[in-house]
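**Student:** Mind looking over this structure? Questions follow.
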Amino acid sequence: MWPISSFKKKALAALLVISLAASALLLLALQSYMSWQKNAEDSIYAMSWEGFGPERGLYNFTVVTAMLDIGRGNWSEQSRPYNTYLLYMQRMLRLDVNMVVFVEPKGKPFIEWMRRGREKRTHIAVTTLKDLPYYRYKDRMAEIMNSPEYKKNNELVAKKLCESYVPEYDILQLSKLYLINRTITENPFQTNFFIWLDGGYGHGEDIYPKNRLWFPKNLFEFADRATFLERTPGVKNLEEKQNILHKLSVNAMPGGFFAGGSKILSALYALQVQLVEEWMSSGIVDDDQTAYMLLYYKNPSMFRLVPADWFDVFKLFNSETS
1282 MWPISSFKKK ALAALLVISL AASALLLLAL QSYMSWQKNA EDSIYAMSWE GFGPERGLYN
1342 FTVVTAMLDI GRGNWSEQSR PYNTYLLYMQ RMLRLDVNMV VFVEPKGKPF IEWMRRGREK
1402 RTHIAVTTLK DLPYYRYKDR MAEIMNSPEY KKNNELVAKK LCESYVPEYD ILQLSKLYLI
1462 NRTITENPFQ TNFFIWLDGG YGHGEDIYPK NRLWFPKNLF EFADRATFLE RTPGVKNLEE
1522 KQNILHKLSV NAMPGGFFAG GSKILSALYA LQVQLVEEWM SSGIVDDDQT AYMLLYYKNP
1582 SMFRLVPADW FDVFKLFNSE TS
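Position in the sequence shown (from 1) plus 1281 gives the number in the numbering used here.
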């Protein structure tokens, strides 16, 4: 067998590199097409929405959500355009419930379109990121994120996760309890029970009740505690690592959903305000999940953790009838 010349080796290596690059480009193009197709389907789904008919829902609780633009469409990692999130949100907006929506001015027309027929069950609060109290920490958060101490042995930094380099992301995530507390204070629907759902909850998947009716079960009777989902490996199993939790990539206590009575959620917000102030003084920054876990470790009796996965809310907390 004739030996392969140096030239042929280089040529084969070049062909291999070209082949790998072409495969990567093809995969990227396929992913882009699938994303475009999904957005196109979701756009048609939204525009075909005829609005709500006669009231059929349960209205003794308030769902609170938000859709604020933090420029995620321009990120180099984990990017997702604002309009994509609005299209994700349409499925939640079809729920026949009392709903408070905090939204950018540019997103308000979409909310109004999706809530046609439930205007009296909808309160739209036009809000921007700069309106949030935690926005005053933006520069301090950026300073912490750029510090050598924060970056040292930080899994979030190593994985280029947004909570480690985008202050706006952490500001928005940490503001969920503020938005809940503000809703409790204003209480446009005069309810005593409140549920937070992320605007993009479900990420465009149809995880919501088919009839769009939500009759919560296993929630109202626990109004004196804040109900959260708990994912593997479990919150208690990470307690020994709480001092470095802000540097770990864990998702044991997701913040896409939580619920409780007005007193417990307002009390939780007050404790979170103190915690975030401590973070800023101590050179710590992270998103809401870490905050909830640390608050749980200090005040476990305030919480009710339910084993679940990210999008199990309607599997766990919905009855067929009222």
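All C-beta atoms in this analysis are idealised placements derived from N, C-alpha and C, irrespective of residue type, glycine included.
As the structure is a computational prediction, the values presented were derived from the model and not from experiment.
#1: State the DSSP-derived secondary structure class of residue 1516, mapped to helix, strand or coil.
#2: How is the beta strand (DSSP E) around residue 1379 delimited, first residue to last?
#3: By DSSP's criteria, residue 1477 is part of a beta bridge. Which residues make up the other side?
#4: Just verifying my parser: in three-state terms, what is the DSSP assignment at residue 1557?
#5: Rank 1380, 1512 and 1558 by C-alpha distance to the C-alpha of residue 1570 and give the top, closest one.
#6: Does the count of Cβ pairs from the segment 1444 to 1462 and the segment 1488 to 1504 closer than 8 Å reach three?
#7: Between which two residues does the alpha helix (DSSP H) harbouring residue 1508 extend?
#8: Can you name the residues that DSSP bridges to residue 1403?
#9: Between the Cα of residue 1350 and those of 1480, 1585, 1543 and 1469, spot the shortest distance and give me the residue it belongs to.
#10: Using a Cβ-Cβ cut-off of 8 Å (strictly less than) and excluding sequence neighbours within five positions of residue 1599, which residues of its own chain qualify?
#11: How is residue 1586 classed by DSSP in three states: helix, strand or coil?
#12: Count the other CB atoms, across all protein chains shown, that sit within 10 Å of the CB of residue 1334; report buried if there are 16 or more and exposed otherwise.
#13: Does DSSP put residue 1333 in a helix, a strand or coil?
#14: Taking DSSP as the reference, what is the three-state secondary structure of residue 1563?
#15: Leaving out the 5 sequence neighbours to the left and right, which residues in its chain are closer than 7 Å to residue 1593 when beta-carbon positions are compared?
#16: On the DSSP letters alone, give me the boundaries of the alpha helix (DSSP H) that residue 1364 sits inside.
#17: Just list the residues that DSSP pairs residue 1530 with in beta bridges.
#18: DSSP beta-bridge partners for residue 1496?
#19: Taking residue 1541 and residue 1572 to be in contact with their CB atoms under 8 Å, please state how far apart those CB atoms are, rounded to whole angstroms.
#20: Helix, strand or coil for residue 1571, going by three-state DSSP, please let me know.
#21: Report all residues from its chain with a CB closer than 6 Å to the CB of residue 1399; omit the five preceding and five following residues, and keep chain order.
**Tutor:** Answer, in terms of the structure:
#1: Position 235 of the sequence shown, counted from the start, is the residue given in the question as residue 1516. Here DSSP, grouped into helix, strand and coil, assigns residue 1516 to coil.
#2: Looking up residue 1379 in the sequence shown gives position 98. Here the beta strand (DSSP E) through residue 1379 covers 1379 to 1384.
#3: In the sequence shown, the residue the question calls residue 1477 occupies position 196. DSSP output for residue 1477 lists 1345 and 1539 as bridge partner(s).
#4: Working through the sequence shown from its first residue, we reach residue 1557 at position 276. Residue 1557: helix per DSSP, three-state reduction.
#5: Here residue 1570 refers to the residue found at position 289 when the sequence shown is read from its first residue. Selected option, being the one with the closest Cα: 1512.
#6: With the cut-off at 8 Å, the segment 1444 to 1462 and the segment 1488 to 1504 do not touch.
#7: Here residue 1508 is taken as the residue at index 227 of the sequence shown, counted from 1. Careful: residue 1508 lies outside any alpha helix (DSSP H), inside the beta strand (DSSP E) at 1507 to 1511.
#8: Against the sequence shown, residue 1403 aligns to sequence position 122. Beta-bridge partners of residue 1403 (DSSP): 1380.
#9: Indexing the sequence shown from 1 puts residue 1350 at position 69. Checked all of 1480, 1585, 1543 and 1469; the closest Cα to residue 1350 is 1480.
#10: Here residue 1599 corresponds to residue number 318 of the sequence shown, with the count starting at 1. Closer than 8 Å at Cβ, skipping near neighbours: 1490, 1495, 1496, 1497 and 1498.
#11: Within the sequence shown, numbered from 1, the residue matching residue 1586 stands at position 305. Three-state DSSP puts residue 1586 in a strand.
#12: Position 53 of the sequence shown, counting from 1, holds the residue named residue 1334. Residue 1334 should be labelled exposed.
#13: Residue numbering aside, residue 1333 sits at position 52 when the sequence shown is read from its first letter. DSSP places residue 1333 in coil when its eight states are reduced to three.
#14: Sequence index remark: in the sequence shown, residue 1563 carries index 282 (1-based). If DSSP states are grouped into helix, strand and coil, residue 1563 belongs with the helices.
#15: Reading the sequence shown from its first residue, position 312 is the one you call residue 1593. Excluding sequence neighbours, residue 1593 sits near 1510.
#16: Numbered from 1 along the sequence shown, position 83 holds the residue referred to as residue 1364. It spans 1363 to 1374 - the alpha helix (DSSP H) in which residue 1364 sits, taken as one unbroken run.
#17: Here residue 1530 is taken as the residue at index 249 of the sequence shown, counted from 1. Answer is none; residue 1530 lacks a bridge partner.
#18: What you label residue 1496 is simply residue 215 of the sequence shown in a count that begins at 1. According to DSSP, residue 1496 bridges with 1600.
#19: Translated into the one-based positions of the sequence shown, residue 1541 becomes position 260. Translated into the one-based positions of the sequence shown, residue 1572 becomes position 291. Not a contact, Cβ separation roughly 16 Å.
#20: Position 290 of the sequence shown, counting from 1, holds the residue named residue 1571. Note: residue 1571 maps to helix in three-state DSSP.
#21: To locate residue 1399, count along the sequence shown from 1; it is residue 118. Only 1333 meet the Cβ criterion.
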